[in-house]
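To start, the structure itself, in structure tokens.
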Amino acid sequence: MTISGTSSAPGVGQDSQVLAVVNELREAEAVVSKLAERGFPVEHTRIVGDDLQWVENVGGRLTFWGAVGRGALAGALTGVLICWLFTLFSWLTPIVAGLLLIVDGLIAGAIIGAVIGAIDYSLTGRQRNFVSAATLRASRYEVLVDTAWAREARGILQDAASGPEGRSAGRDGGL
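According to this note's numbering, the residues represented by the sequence shown are 924 to 1098, in order.
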């Protein structure tokens, strides 16, 4: 963790100071957690990610039948959920009828989902014949704090770094 005084993020936190610069989001969250544990008003902090990267993890090849199967699974889950909600709010329907409604929702949802999956695969013209999951991540994270609260935040982090016997920082009149 490095401590710096100016932010490289233009327009973010005009009246802010950089409290810490770290490489992982978990580390930035840990800095804010340390402040929260000591009673610091964390609503005066921000975590800003710099140098964003779009990462798409390819999970495998998508075939026509794979698209139909994925559509059927998504449709079945949606059908079960919708019919379960209908059953949940129907006080006079016997339990057996409610269970049959859920089974019907599963079957109808699977059929509708499979058809939608097939149509979707056919309409894309095989332009994207793979399955992936995308994430957005930053190469570094800055923990910013409002200038009026910077001194107190730095004091808390210094006390936390000095060990468990560190004293709790006072509010220097909000400076």
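Note that CB positions come from ideal geometry on N, CA and C, so glycine has one too. All values reported here derive from a predicted model rather than from experimental measurement.
| Query | Result |
| --- | --- |
| Rounded straight-line distance, which links the Cα of L1029 to that of W1072 | 55 angstroms |
| Any 3 or more C-beta pairs closer than 8 angstroms across the segment 1058-1074 and the segment 955-973 | yes |
| Through-space distance from V1038 to L1024, alpha-carbon basis | 21 angstroms |
| Expected contact under 8 angstroms - CB spacing of R1060 and N946 to nearest Å | With 8 angstroms as the limit, R1060 and N946 do not qualify as a contact, their Cβ atoms being about 11 angstroms apart. |
| Cross-strand partners of W988 (DSSP beta bridge) | According to DSSP, which records beta bridges pairwise, W988 is partnered with nothing at all. |
| Inter-residue CB distance, G1021 and S1013 (contact presumed, cutoff 8 angstroms) | 7 angstroms |
| Neighbourhood of V886 by C-beta, 7 angstroms cutoff - its chain only, sequence neighbours within 5 removed | Residue 886 lies beyond the stretch modelled for the chain, which goes from 924 to 1098, so this question has no answer here. |
| Backbone secondary structure at Q1050 - three-state DSSP | coil |
| Endpoints, alpha helix (DSSP H) assigned at S1085 | No alpha helix (DSSP H) holds S1085; DSSP gives it neither H nor E. |
| Residues that DSSP places opposite Q976 in a beta bridge | R1060 |
| V965: first and last residue of the uninterrupted alpha helix (DSSP H) it sits in | Looking at the DSSP string, V965 is not in any alpha helix (DSSP H), and its letter there is neither H nor E. |
| For Q940, the first and last residue of its enclosing beta strand (DSSP E) | S939 to V945 |
| Between the CA atoms of V954 and I1018 - distance to the nearest angstrom | 52 angstroms |
| Contacting residues, own chain, Cβ-Cβ under 6 angstroms from L942 (five flanking each side not counted) | V1066, V1068 and A1076 |
| Close-in-space but distant-in-sequence residues of the same chain around T986 (CB under 8 angstroms, 5 per side omitted) | N1052 |
| C1006 versus A995, D1027, E950 and A1041, residue with shortest Cα-Cα distance | D1027 |
| Distance, L1011 Cα to Q976 Cα | 44 angstroms |
| Backbone CA spacing between A1085 and R949 [nearest angstrom] | The sequence given here has Ser at residue 1085, not Ala. Their Cα atoms are separated by approximately 21 angstroms. |
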